[in-house]
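Engineer: Next up is a structure, given as structure tokens.
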Amino acid sequence: MRMAKRTQLWSLLVLGVLPCVPVSATDLQPPASFDGIADRAERSRSLFVEAGKVLQSPRCLNCHPVGERPTQGADMHPHGPLVVRGPDGKGAVGMRCTTCHQAANFEASGVPGNPDWQLAPATMAWQQRTLGQICALIKDPKRNGGRTLEQLQAHLAHDTLVGWSWNPGGKREPAPGTQESFGALTAAWIASGAECPR
Amino acid sequence: MPIELNVNGQARTVDVDPETPLLWVIRDDLGLTGTKYGCGIAQCGACTVHVDGEPLRSCSAPVAAMSGRQLTTIEGLSSRTAKAVQKAWVDLDVVQCGYCQSGQIMSAVALLEKLPRPTDLDIDHAMAGNICRCATYHRIRAAIHAASAQLHA
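Shown next as structure tokens:
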């Protein structure tokens with residue numbers, strides 16, 4: 074009986090019909106992978122570098138532009154049609170984000186969506202910044218929307234627009250890992266002193 | 031699945047797949063063919079309608095999301111601003127082939143309802159998503175300014 078089960082399992086693997094969890098370069102290492110780094114500050118910086126794989130993915134950077142216009146796509150080309158941030162981050166008068174972006178990804182047209190679709194504030198421009206500069210930005214309450222580190226962590230780990238990065242719809246490549254694994258990394262980064270890469 | 035809509039002030043019920051793009055419900059189920067299909071991917075603006083007074087690309091919105099909201103198509107435009115825009119469009123002979131013009135007018139009216147005295151930059155930003163293959167952009171801009179002037183005369 075046991076042998077029969079093994080045989081069945083092997084044949085299923087050969088046939089490729091068993092669900093599997095691929096391990097790829099787009100996965101995130103868990104915080105425990107960094108436990109071997111004895112120096113606390115160095116461990117904290119390493120945790121942020123790992124989380125930075127998400128922060129510097131096109132899914133995040135496209136809506137954290139320098140200037141008034143977002144970018145789009147894996148190659149981060151200018152958003153088409155021309156749109157601007159506007160006074161509230163949700164577009165110009167007469168050309169709001171909601172003119173095209175609805176509450177959810179719409180597969181019929183391929184247009185992505187979320188109820189809170191918007192651009193990051195100009196103070197949170199990440200494009201053209203190093204990871205160390207992005208780190209300094211997101212820690213600074215004067216530029217991060219007045220958030221404490223705890224509030225920042227809650228935003229990164231639970232905000233649904235941040236979460237869209239892992240559910241972008243269409244043929245878009247999701248951000249690395251999951252929002253849960255990203256949240257675990259940023260929590261460990263804060264717990265280890267929230268040090269920034271040099 | 032029956033979906034209740036309010037289109038041009040009238041209650042309408044359609045029995046369609048809730049994920050159907052609003053555009054096809056407007057054109058095929060309600061017979062309001064003034065709203066045009068151009069690209070189907072929110073890149074041209076030909077399918078623009080108003081939802082609660084804001085412009086919306088009807089090719090990129092599921093019809094189920096429109097319940098409880100006020101939809102206006104080109105056939106239902108009747109405000110003072112809309113009449114000023116329509117007059118300006120005729121006075122300046124804006125239209126060439128005309129295919130994009132219902133979308134252009136919907137966007138222009140939505141802009142003027144919110145910003146009665148738009149600058150050139152305001153117009154560029156509001157109208158950037160409405161493409162005209164005849165390149166009548168200069169006349170569109172002039173007509174929006176003319177409608178604004180008419181509203182303030």
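These protein sequences, in sequence, are chains A and B. Final position of the first sequence in our numbering is 271; the numbers increase by one with none missing. Final position of the second sequence in our numbering is 183; the numbers increase by one with none missing. Cβ coordinates follow ideal geometry from the N, Cα and C atoms, glycine included.
Say whether chain A places a C-beta atom closer than 8 Å to the C-beta of residue 85 (chain B).
Structural biologist: Residue 85 (chain B) sits at position 55 when you count from the first residue of the second sequence. Yes, because at least one Cβ of chain A sits closer than 8 Å to the Cβ of residue 85 (chain B).
Engineer: Spell out the partners DSSP gives residue 41 (chain B) in its beta bridges.
Structural biologist: Numbered from its first residue, the second sequence carries residue 41 (chain B) at position 11. Note: residue 41 (chain B) sits in a beta bridge opposite B:36.
Engineer: Going by the CB atoms, is the gap between residue 249 (chain A) and residue 241 (chain A) shorter than 8 Å?
Structural biologist: Taking the first sequence and counting its residues from 1, the one referred to as residue 241 (chain A) is at position 168. Taking the first sequence and counting its residues from 1, the one referred to as residue 249 (chain A) is at position 176. No. Outside cutoff.
Engineer: By the 10 Å Cβ neighbour count, where 16 or more other Cβ atoms means buried, how is residue 158 (chain A) classified, buried or exposed?
Structural biologist: Locating residue 158 (chain A) in the first sequence gives position 85, counting from the first residue. Label assigned to residue 158 (chain A): buried.
Engineer: For a contact defined as C-beta to C-beta under 7 Å, what are the partners of residue 89 (chain B) on chain A?
Structural biologist: By 1-based counting over the second sequence, the position of residue 89 (chain B) is 59. By Cβ distance, chain A contributes 182.
Engineer: What are the boundary residues of the beta strand (DSSP E) that includes residue 78 (chain B)?
Structural biologist: Translated into the one-based positions of the second sequence, residue 78 (chain B) becomes position 48. Unbroken beta strand (DSSP E) run through residue 78 (chain B): 78-81.
Engineer: DSSP on residue 164 (chain A), reduced to helix/strand/coil?
Structural biologist: Here residue 164 (chain A) refers to the residue found at position 91 of the first sequence. Note: residue 164 (chain A) maps to strand in three-state DSSP.
Engineer: Could you list which residues in chain B have their beta carbon closer than 7 Å to that of residue 169 (chain A), in chain order?
Structural biologist: Within the first sequence, residue 169 (chain A) is the residue found at index 96, counting from 1. Under the 7 Å cutoff, chain B gives 84.
Engineer: Indicate whether at least one CB of chain A lies closer than 8 Å to the CB of residue 72 (chain B).
Structural biologist: For the purposes of this step, residue 72 (chain B) is taken as residue 42 along the second sequence, with counting starting at 1. Yes, residue 72 (chain B) counts as interfacial toward chain A.
Engineer: Should residue 179 (chain A) be flagged as near chain B, meaning a C-beta pair shorter than 8 Å?
Structural biologist: As a working mapping, residue 179 (chain A) is identified with position 106 in the first sequence. So, interface residue.
Engineer: Quick one: measure Cβ to Cβ for residue 133 (chain A) and residue 192 (chain A), integer angstroms, because I've assumed they're closer than 8 Å.
Structural biologist: Counting from one through the first sequence, the residue named residue 133 (chain A) turns up at place 60. Counting from one through the first sequence, the residue named residue 192 (chain A) turns up at place 119. Not really, about 12 Å apart at Cβ, beyond 8 Å.
Engineer: Measuring only between beta-carbons, confirm whether residue 157 (chain A) sits less than 8 Å from chain B.
Structural biologist: Here the question's residue 157 (chain A) lines up with position 84 in the first sequence. Residue 157 (chain A) counts as touching chain B.
Engineer: Among residues of its own chain, excluding the 5 on either side of residue 81 (chain A), which ones have a beta-carbon nearer than 6 Å to its beta-carbon?
Structural biologist: Residue numbering aside, residue 81 (chain A) sits at position 8 when the first sequence is read from its first letter. Legend: pLDDT at residue 81 (chain A) = 41, less than 50; position of this residue unreliable, value from coordinates given subsequently. None.
Engineer: Taking C-beta to C-beta, are residue 204 (chain A) and residue 129 (chain A) nearer than 8 Å?
Structural biologist: Locating residue 204 (chain A) in the first sequence gives position 131, counting from the first residue. Locating residue 129 (chain A) in the first sequence gives position 56, counting from the first residue. Closer than 8 Å, so yes.
Engineer: Just to confirm my understanding: we take residue 41 (chain B), look at its own chain, exclude 5 residues before and 5 after, and list those with CB closer than 8 Å. What are they?
Structural biologist: By 1-based counting over the second sequence, the position of residue 41 (chain B) is 11. Contacts found: 34 and 35.
Engineer: Determine which residues share a DSSP beta bridge with residue 145 (chain A) and list them.
Structural biologist: If you number the first sequence from 1, residue 145 (chain A) lands on position 72. Answer is A:150, bridged to residue 145 (chain A).
Engineer: If you check the beta carbons only, do residue 194 (chain A) and residue 164 (chain A) fall under 8 Å apart?
Structural biologist: To locate residue 194 (chain A), count along the first sequence from 1; it is residue 121. To locate residue 164 (chain A), count along the first sequence from 1; it is residue 91. No, the pair does not count as a contact, with Cβ atoms beyond the cut-off.
Engineer: Return the residues of the segment 141-162 of chain B that lie within a Cβ-Cβ distance of less than 7 Å from chain A, sorted by chain order.
Structural biologist: For the segment 141-162 of chain B, which is checked against every Cβ of chain A, the residues closer than 7 Å are 141, 144, 145, 152, 155, 156, 158 and 159.
Engineer: Taking the alpha-carbon positions, what's the residue 97 (chain A) to residue 239 (chain A) distance?
Structural biologist: On the first sequence, residue 97 (chain A) is found 24 positions in, with the first residue counted as 1. On the first sequence, residue 239 (chain A) is found 166 positions in, with the first residue counted as 1. Residue confidence for residue 97 (chain A) is low, a pLDDT of 44 falling below 50, so the modelled location carries little weight and cannot support an answer.
Engineer: Under 8 Å, Cβ to Cβ, is there at least one residue of chain B near residue 153 (chain A)?
Structural biologist: Stepping through the first sequence from its first residue, residue 153 (chain A) is reached at position 80. It does; some Cβ of chain B falls within 8 Å.
Engineer: Does the CB of residue 195 (chain A) have a neighbour CB from chain B at under 8 Å?
Structural biologist: For this step, residue 195 (chain A) is matched to residue 122 along the first sequence. By this cut-off, residue 195 (chain A) is not an interface position.
Engineer: Check whether the segment 73-92 of chain B and the segment 169-182 of chain B touch, using three or more Cβ-Cβ pairs below 8 Å as the test.
Structural biologist: No, they do not touch.
Engineer: With C-beta atoms as the reference, is residue 136 (chain B) less than 8 Å away from residue 78 (chain B)?
Structural biologist: If you number the second sequence from 1, residue 136 (chain B) lands on position 106. If you number the second sequence from 1, residue 78 (chain B) lands on position 48. It is a contact, given that the beta carbons lie within the stated cut-off.
Engineer: Excluding the five sequence neighbours on either side, which residues of its own chain have a C-beta within less than 7 Å of the C-beta of residue 176 (chain B), listed in chain order?
Structural biologist: Reading the second sequence from its first residue, position 146 is the one you call residue 176 (chain B). Around residue 176 (chain B): 118, 121 and 122.
Engineer: Using DSSP with H/G/I as helix, E/B as strand and the rest coil, what is residue 246 (chain A)?
Structural biologist: Taking the first sequence and counting its residues from 1, the one referred to as residue 246 (chain A) is at position 173. Coil, per DSSP.
Engineer: Once you ignore the five residues that flank residue 226 (chain A) on each side, which residues in its own chain have a CB closer than 6 Å to its CB?
Structural biologist: On the first sequence, residue 226 (chain A) is found 153 positions in, with the first residue counted as 1. Here the set comprises 259, 260 and 263.
Engineer: Tell me whether residue 100 (chain B) sits in a helix, a strand or coil according to DSSP, three-state version.
Structural biologist: Residue mapping note: residue 100 (chain B) aligns to position 70 of the second sequence, counting from 1. Three-state result, residue 100 (chain B): strand.
Engineer: 8 Å is my cut-off, CB to CB: does residue 102 (chain A) come that close to chain B?
Structural biologist: Within the first sequence, residue 102 (chain A) is the residue found at index 29, counting from 1. No, residue 102 (chain A) does not count as interfacial toward chain B.
Engineer: Tell whether a beta-carbon distance below 8 Å holds between residue 267 (chain A) and residue 117 (chain A).
Structural biologist: The count along the first sequence starts at 1 and reaches residue 267 (chain A) at position 194. The count along the first sequence starts at 1 and reaches residue 117 (chain A) at position 44. Yes; because the gap between Cβ atoms is below 8 Å, this pair is in contact.
Engineer: Taking Cβ-Cβ distances below 9 Å as the criterion, which residues of the segment 89-117 of chain B are in contact with chain A?
Structural biologist: Residues 89, 90, 91, 92 and 95.
Engineer: Can you look up residue 116 (chain A) in the DSSP assignment and give me helix, strand or coil?
Structural biologist: Translated into positions along the first sequence, residue 116 (chain A) becomes position 43. Looking at residue 116 (chain A) - three-state DSSP - the assignment turns out to be helix.
Engineer: Given 8 Å as the limit, is there contact between the segment 212-231 of chain A and the segment 142-150 of chain A, that is, 3 or more CB pairs closer than that?
Structural biologist: Segments in contact, no.
Engineer: If you draw a straight line from the C-alpha of residue 92 (chain A) to the C-alpha of residue 97 (chain B), how long is it?
Structural biologist: Working through the first sequence from its first residue, we reach residue 92 (chain A) at position 19. Working through the second sequence from its first residue, we reach residue 97 (chain B) at position 67. At residue 92 (chain A), the pLDDT of 37 sits below 50, so the modelled position is not reliable and the matter cannot be decided from this model.
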